[in-house]
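Protein chains: 2
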Amino acid sequence: MIKLTPIGIIHSPFRQATGTPVQPSAAKGVEGAVEVFEEYAAGLKDLAGFERIWLLYWFDRAEVEAPALIVKPYLDNTRRGVFATRAPARPNPIGLSSVHLLRIQRNKLDICDVDILDGTPLLDIKPYVPQFDIFRVARSGWLEGTVTARRLADSRFEKK
Amino acid sequence: MIKLTPIGIIHSPFRQATGTPVQPSAAKGVEGAVEVFEEYAAGLKDLAGFERIWLLYWFDRAEVEAPALIVKPYLDNTRRGVFATRAPARPNPIGLSSVHLLRIQRNKLDICDVDILDGTPLLDIKPYVPQFDIFRVARSGWLEGTVTARRLADSRFEKK
């Protein structure tokens, strides 16, 4: 058993899954903030030089008591293996989003392209680094052609 | 307090940090495997269509009892805020690597470009999706110009 401690809180305009953009690519221009708890603020040194950052966070409002291994993801009408999706309801419900970093003031980060619910517990921040994170790929499975035009989430993975 | 349960184990040629490639970009052609525990194998459906996948894993051999918020990362000679680095010793030691998926047989994934220690606990698998994960960035902080020529890790973050 592994234990994590939130290092901050993510703020956004989104109070519930329904209507929240699916992925930062559907959230262009949506502003939010990250409040890093004071005791971790020293770790933000040098981060301002990065244009984008990865946020790792806890999907605290996803249904994870007995997560389904087969899900119908937001962007499809077909049931898929959960590890072939970015759905929030997963065995370890860790979210991953690359957001645009606007500025840092002490322990507060202003961010943009936010697809995360307001009040979400922050687990980690990493710099987005082209040489580490950008790879040319020819195949991206079911997400290549069969996706719906949907860009906003609904309530399908919310806690009952 | 948040609890995680490993969903599998990552296998690689690397038994210790020293000599392990820093990031998949330094590990081109290095083969490894992911063993997903039987009870989670159903979640792998549809994953084979993706050329690359994100592995989220637990840095189980990094020093995290009292993680430093200022670290000297593998690729630099200067002390940096830990959140501006991808160093393993961090408040929530979750690793993130995009690896090449070669094939899936039942609950076993053969992978390539592996920068992960053998025996590392797997936390999550997500598809690598260009429209979600690739962003043009003009600035990537200290990693732009000042990096060393180092491509392999040493023992600096290992448990004492």
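Residue numbers (my numbering), protein chains in the order written: chain A, 1 to 160; chain B, 1 to 160. From the three backbone atoms N, C-alpha and C, an ideal C-beta is built for every residue, glycine too.
The beta carbon of residue 20(B) does not come within 8 angstroms of any beta carbon belonging to chain A, so the residue lies off that interface. If you check the CB distance, residue 32(B) and residue 12(B) come in under 8 angstroms.
Taking 7 angstroms as the upper bound on Cβ-Cβ separation, chain A lies near no residue of the region 147-158 of chain B. Taking 8 angstroms as the threshold, the shortest C-beta distance from residue 133(A) to chain B falls below it.
For residue 24(A), no beta strand (DSSP E) encloses it, and the DSSP letter there is neither H nor E. Secondary-structure assignment with DSSP links residue 76(A) through no beta bridge to anything. Between the region 94-101 of chain A and the region 63-78 of chain B there are fewer than three inter-stretch CB-CB distances shorter than 8 angstroms, so the stretches are not counted as touching. Taking all protein chains in view, the Cβ of residue 85(A) is crowded by 16 or more other Cβ atoms within 10 Å, so the residue is classified as buried. Not a single C-beta of chain A is nearer than 8 angstroms to the C-beta of residue 110(B). For the region 77-110 of chain B, the set of residues with a beta-carbon nearer than 9 angstroms to any beta-carbon of chain A comprises 78, 79, 80, 81, 82, 83, 84, 85, 86, 90, 91, 92, 93, 94, 96, 97, 98 and 100, in chain order. At a cut-off of 8 angstroms between C-beta atoms, residue 128(A) counts as an interface residue with respect to chain B. Residues of the region 36-64 of chain A with a Cβ closer than 9 angstroms to any Cβ of chain B, in chain order: 36, 39, 40, 41, 42, 43, 44, 45, 46, 47, 48, 49, 50, 51, 52, 53, 54, 56, 58 and 60. In this structure, the beta-carbon distance from residue 42(A) to residue 71(A) does not fall below 8 angstroms. Residues of the region 116-127 of chain B with a C-beta atom less than 8 angstroms from some C-beta of chain A are 121, 123, 124, 125, 126 and 127, listed in chain order. Residue environment analysis places residue 19(A) among the exposed positions, since fewer than 16 neighbouring C-beta atoms fall within 10 angstroms of its C-beta.
Under DSSP, residue 58(B) forms a beta bridge with 94(B).
For residue 127(B), the enclosing beta strand (DSSP E) starts and ends at 120-127.
The continuous stretches of beta strand (DSSP E) do not include residue 133(A), which lies in the alpha helix (DSSP H) extending over residues 130-133.
The criterion of a C-beta distance shorter than 8 angstroms is not satisfied by residue 155(A) and residue 132(B). Among the CB atoms of chain B, none fall inside 8 angstroms of the CB of residue 27(A).
A straight-line Cα-Cα distance of about 31 angstroms links residue 135(A) and residue 61(A).
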